[in-house]
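A.B. asks: All the letters of the sequence shown, read from the start, carry residue numbers 1 to 428 under full-length UniProt numbering.
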Amino acid sequence: MASRKPMCAVCRGRCDPLHNPPSARACLHRREGEDRSRDPRSTRESTTPDRGEKIPCVVQENAHVGRSTTATGKASFRVSSMSSIAALIEQACLLEATARKPGNVHPCASFVDLCYDDFVRAAEVSAPILAEARAHGLGPAVRSAVEATRAATGRNVNLGICLLLAPLAIGAAEGALWSGARRALLTATVDDAHEVYRAIRLAQPGGLGQSPRQDVAERPTLPLREVMALAATRDDVARELSTGFLRLEREIVPCLAEAAEHTAAVAVPLPSACPASTACATTVPAVLPALSAFPAWERATVLTHLRLIAEGDTLIRRKCGDEVCREAAQRAALLWHLWRESREIPAERMNEFDAWLRADGHRRNPGTSADLVAAALFAALVEQRRPFPSLAELRAKNGRPLRGRGVDYLPDKGSGTCVVLPTQTANN
């Protein structure tokens, strides 16, 4: 009798044919496990709490992330614990919110109904929930994170971020960020779609509209990835979920890394303090400096944001129409190419674009681009792409403990310079 082929402990032989063709020697999960087990630095095993199975684990290089090289030469990463994943999620969310991106909320600018403190609170309460997505399920994690954010802030702060980071957190927990996230999406069920629909209805995002098939107001009858595919042409977050993060992995994260490389050699003078509002509900942002005055990590984040807007922000398109979306893309593309040619975007041009985006009751807010930036930052942190301000620095310098203390500074890693983060008092 022929020997029975061992079944994968992860998918139990249920791999999607797209990623496991019949000619494959073994399923994707088993091949990844074999790659890790052949790594000479993989010297111990760990037990996953949700399945109780033994899987290879790389030796940690720092408190959060272990890195090894597989037999194929590709780096693999495994985050050491759920608390470490939560810390990376919170760090990515705070980095995205702290960067002074044109048109978005940041420490120097608020909307009438949304301020920087809301993003701090949202990151605090949602990160631990999203980190447990592998144990509790993709859909329930998104719904619970949105519920916690709504309870803490009373607003829709991070729906898109939760949708993107939940599967990425699963991939980080499995030690295979991108393929693990894709597996989570491939195996997501109709029940996961139902939980995500509940989260969307609770968040009440702007410009949602109606769909002739699988409308969010109804109970879905298709798995999560399929209902996201139906919305992919209208929303770039849905597009990432339906395609398994192809654009995020192949374009956006490399764009962030490239921007960081291009900014690393530019001198970073200490920016002067900008006047901060005394109320959270202000719509008058502080004046932005020239882009070269931003710290390197913040400059790379802003440049990535500009690049995404230049390709068309789907939130702007849904709320304002194709013509306004095209104009936003053209304005962002001009700034992006200006930086590519001269390594500078003057303060006048930065503030002109920022003011245009904030006009019309902030309906031109490039929110989808900001969500994608947050996901790219999380991936960069997991993959240890470059140094960023630590979570401890972000918590100490930019959160509510700063309020009432005037101006403080956040150091730029590796340069010894700082970014000014004025105090802002919340009224909620």
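Glycine residues also receive a C-beta, built at the ideal position from the N, C-alpha and C atoms.
State the DSSP-derived secondary structure class of Phe-111, mapped to helix, strand or coil.
C.D. replies: Within the sequence shown, numbered from 1, the residue matching residue 111 stands at position 111. The answer is strand: DSSP assigns Phe-111 an E or B state.
A.B. asks: Out of Ala-296, Cys-93, Arg-239, which has the shortest C-alpha to C-alpha gap to Ser-126?
C.D. replies: The residue given as residue 126 occupies position 126 in the sequence shown. Per the Cα distances, Cys-93.
A.B. asks: Count Cβ pairs between the stretch 181-188 and the stretch 111-130 that sit closer than 8 Å; are there 3 or more?
C.D. replies: Result no; under three Cβ-Cβ pairs closer than 8 Å.
A.B. asks: Hey, Leu-177 and Leu-168 are a contact pair by Cβ (cut 8 Å); roughly how many whole angstroms apart?
C.D. replies: As a working note, residue 177 is residue 177 in the sequence shown. As a working note, residue 168 is residue 168 in the sequence shown. The pair is a contact, with the Cβ atoms about 7 Å apart (cut-off 8 Å).
A.B. asks: On the CB-based measure, 16 or more other CB atoms within 10 Å of its CB, does Thr-221 come out buried or exposed?
C.D. replies: For the purposes of this step, residue 221 is identified with residue 221 of the sequence shown, where counting begins at 1. Under this definition Thr-221 is an exposed residue.
A.B. asks: CB Asp-313 to CB Pro-366, shorter than 7 Å?
C.D. replies: Translated into the one-based positions of the sequence shown, residue 313 becomes position 313. Translated into the one-based positions of the sequence shown, residue 366 becomes position 366. Closer than 7 Å, so yes.
A.B. asks: Who does His-106 pair with in a DSSP beta bridge?
C.D. replies: As a position in the sequence shown, residue 106 is number 106, starting the count at 1. Ala-109, per the DSSP bridge assignment.
A.B. asks: When burial is assigned at 16 or more other CB atoms within 10 Å of the CB, is Asp-360 buried or exposed?
C.D. replies: By one-based count along the sequence shown, residue 360 stands at place 360. Exposed, since its Cβ has fewer than 16 Cβ neighbours within 10 Å.
A.B. asks: Measuring straight from C-alpha to C-alpha, what distance separates Thr-189 and Leu-381?
C.D. replies: Start at 1 with the first residue of the sequence shown, and residue 189 comes out as number 189. Start at 1 with the first residue of the sequence shown, and residue 381 comes out as number 381. Thr-189 and Leu-381: Cα-Cα distance of roughly 29 Å.
A.B. asks: Leu-372 and Leu-308 look like a contact to me (Cβ under 8 Å); what is the Cβ gap, rounded to whole Å?
C.D. replies: Working through the sequence shown from its first residue, we reach residue 372 at position 372. Working through the sequence shown from its first residue, we reach residue 308 at position 308. Correct: roughly 6 Å between the Cβ atoms.
A.B. asks: Given this structure, state the Cα-to-Cα distance separating Val-227 from Cys-255, to the nearest angstrom.
C.D. replies: Here the question's residue 227 lines up with position 227 in the sequence shown. Here the question's residue 255 lines up with position 255 in the sequence shown. Straight-line Cα distance between these residues: approximately 28 Å.
A.B. asks: For my contact list, Glu-132 and Ala-141 are in at a C-beta cut-off of 8 Å; report their separation, rounded to the angstrom.
C.D. replies: Sequence index remark: in the sequence shown, residue 132 carries index 132 (1-based). Sequence index remark: in the sequence shown, residue 141 carries index 141 (1-based). Glu-132 to Ala-141, Cβ: 6 Å. Contact.
A.B. asks: Helix, strand or coil for Asp-215, going by three-state DSSP, please let me know.
C.D. replies: Stepping through the sequence shown from its first residue, residue 215 is reached at position 215. Asp-215 falls in the coil class under three-state DSSP.
A.B. asks: Starting from the Cα of Leu-202, find the closest Cα among Gln-384, Asn-156, Ala-392 and give me that residue.
C.D. replies: Here the question's residue 202 lines up with position 202 in the sequence shown. Comparing Cα positions, the closest option is Asn-156.
A.B. asks: Does the beta-carbon of His-362 have 16 or more other beta-carbons within 10 angstroms, so that it is buried, or is it exposed?
C.D. replies: As a first step, residue 362 is located in the sequence shown; it is residue number 362 there, counting from the start. Buried: at least 16 other Cβ atoms inside 10 Å.
A.B. asks: What does a CB cutoff of less than 6 Å around Pro-102 pick up in its chain, not counting 5 residues either side in sequence?
C.D. replies: Start at 1 with the first residue of the sequence shown, and residue 102 comes out as number 102. So the list reads Phe-353, Asp-354, Leu-357, once near-sequence residues are dropped.
A.B. asks: Beta carbon of Leu-165, beta carbon of Ala-193: below 7 Å?
C.D. replies: Locating residue 165 in the sequence shown gives position 165, counting from the first residue. Locating residue 193 in the sequence shown gives position 193, counting from the first residue. No, these two residues do not count as a Cβ contact at 7 Å.
A.B. asks: What are the boundary residues of the alpha helix (DSSP H) that Pro-205 is part of?
C.D. replies: As a position in the sequence shown, residue 205 is number 205, starting the count at 1. From DSSP, Pro-205 is part of no alpha helix (DSSP H); its letter is neither H nor E.
A.B. asks: Please classify Arg-343 as buried or exposed, where buried requires at least 16 neighbouring CB atoms within 10 angstroms.
C.D. replies: Sequence index remark: in the sequence shown, residue 343 carries index 343 (1-based). Label assigned to Arg-343: exposed.
A.B. asks: With a cut-off of 8 Å on the beta carbons, I'd call residue 449 and Arg-234 a contact; round off their distance for me.
C.D. replies: Absent from the model: residue 449. The displayed extent of the chain is 1 to 428, so no value can be given.
A.B. asks: So, Ala-347 versus Ala-332, is the Cβ gap smaller than 7 Å?
C.D. replies: As a working note, residue 347 is residue 347 in the sequence shown. As a working note, residue 332 is residue 332 in the sequence shown. Result no, Cβ atoms of Ala-347 and Ala-332 do not sit closer than 7 Å.
A.B. asks: Does the Cβ-Cβ distance between Thr-243 and Leu-315 come in under 7 Å?
C.D. replies: In the sequence shown, residue 243 corresponds to position 243, counting from 1. In the sequence shown, residue 315 corresponds to position 315, counting from 1. Against a cut-off of 7 Å, the Cβ pair of Leu-315 and Thr-243 comes out as no contact.
A.B. asks: Given this structure, state the Cα-to-Cα distance separating Gly-137 from Arg-143, to the nearest angstrom.
C.D. replies: Locating residue 137 in the sequence shown gives position 137, where the first residue counts as 1. Locating residue 143 in the sequence shown gives position 143, where the first residue counts as 1. Each residue's Cα considered, the two are about 10 Å apart.
A.B. asks: What residue range does the alpha helix (DSSP H) around Leu-303 cover?
C.D. replies: In the sequence shown, residue 303 corresponds to position 303, counting from 1. Segment 296-310, the alpha helix (DSSP H) holding Leu-303.
A.B. asks: So what does DSSP say about Gln-91, is it helix, strand or coil?
C.D. replies: One-based indexing of the sequence shown puts residue 91 at position 91. Residue state, collapsed to three classes: helix.
A.B. asks: For Arg-326, which residues of its own chain have a beta-carbon under 7 Å away from its beta-carbon, when the five flanking residues on both sides are left out?
C.D. replies: Here residue 326 corresponds to residue number 326 of the sequence shown, with the count starting at 1. Nothing meets the Cβ criterion.
A.B. asks: So Leu-230 and Arg-213 are supposed to be a Cβ contact under 8 Å. How far apart are they, rounded?
C.D. replies: On the sequence shown, position 230 is the one that residue 230 refers to. On the sequence shown, position 213 is the one that residue 213 refers to. With 8 Å as the limit, Leu-230 and Arg-213 qualify as a contact, their Cβ atoms being about 6 Å apart.
A.B. asks: Would Met-301 pass as a contact of Ala-99 if the rule is Cβ separation under 7 Å?
C.D. replies: Along the sequence shown, read from residue 1 onward, the residue named residue 301 stands at position 301. Along the sequence shown, read from residue 1 onward, the residue named residue 99 stands at position 99. It should be pointed out that residue 301 corresponds to Thr in this sequence rather than to Met. For Thr-301 and Ala-99, yes; Cβs fall inside 7 Å.
A.B. asks: Taking 7 Å as the threshold (C-beta atoms), are Phe-388 and Leu-95 in contact?
C.D. replies: Counted from its first residue, the sequence shown places residue 95 at position 95. Counted from its first residue, the sequence shown places residue 388 at position 388. It is a contact, given that the beta carbons lie within the stated cut-off.
A.B. asks: May I have the straight-line CA-CA distance separating Gly-207 from Pro-107, to the nearest angstrom?
C.D. replies: By one-based count along the sequence shown, residue 207 stands at place 207. By one-based count along the sequence shown, residue 107 stands at place 107. Approximately 25 Å between the Cα atoms of the pair.
A.B. asks: Which residue from Ile-170, Gly-139, Gly-171, Ala-122 puts its Cα closest to that of Asp-154?
C.D. replies: Your numbering for residue 154 matches position 154 in the sequence shown. The question names Asp, but residue 154 is Gly in the sequence shown. Cα-wise, what sits closest to Gly-154 is Ala-122.
A.B. asks: Could you work out which residue in Ala-97, Ser-390, Leu-394, Leu-377 is closest to Ala-260 when comparing CA atoms only?
C.D. replies: Stepping through the sequence shown from its first residue, residue 260 is reached at position 260. Checking every option, the nearest Cα to that of Ala-260 belongs to Leu-377.
A.B. asks: Return the CA-CA distance between Trp-297 and Leu-159, expressed in angstroms with no decimal places.
C.D. replies: In the sequence shown, residue 297 corresponds to position 297, counting from 1. In the sequence shown, residue 159 corresponds to position 159, counting from 1. Looking at the two C-alpha atoms, the distance is approximately 24 Å.
A.B. asks: Quick one: using the 10 Å Cβ neighbour count with 16 as the cut-off for buried, is Pro-17 buried or exposed?
C.D. replies: For the purposes of this step, residue 17 is taken as residue 17 along the sequence shown, with counting starting at 1. Because Pro-17 carries a pLDDT of 34, less than 50, the predicted location of this residue cannot be relied on, and no value is offered for it.
A.B. asks: Looking only at its chain, what residues have a beta carbon closer than 6 Å to the beta carbon of Ala-379, apart from the 5 residues adjacent to it on each side?
C.D. replies: Taking the sequence shown and counting its residues from 1, the one referred to as residue 379 is at position 379. Counting only Cβ-Cβ distances below 6 Å, and skipping sequence neighbours, we find Val-253.
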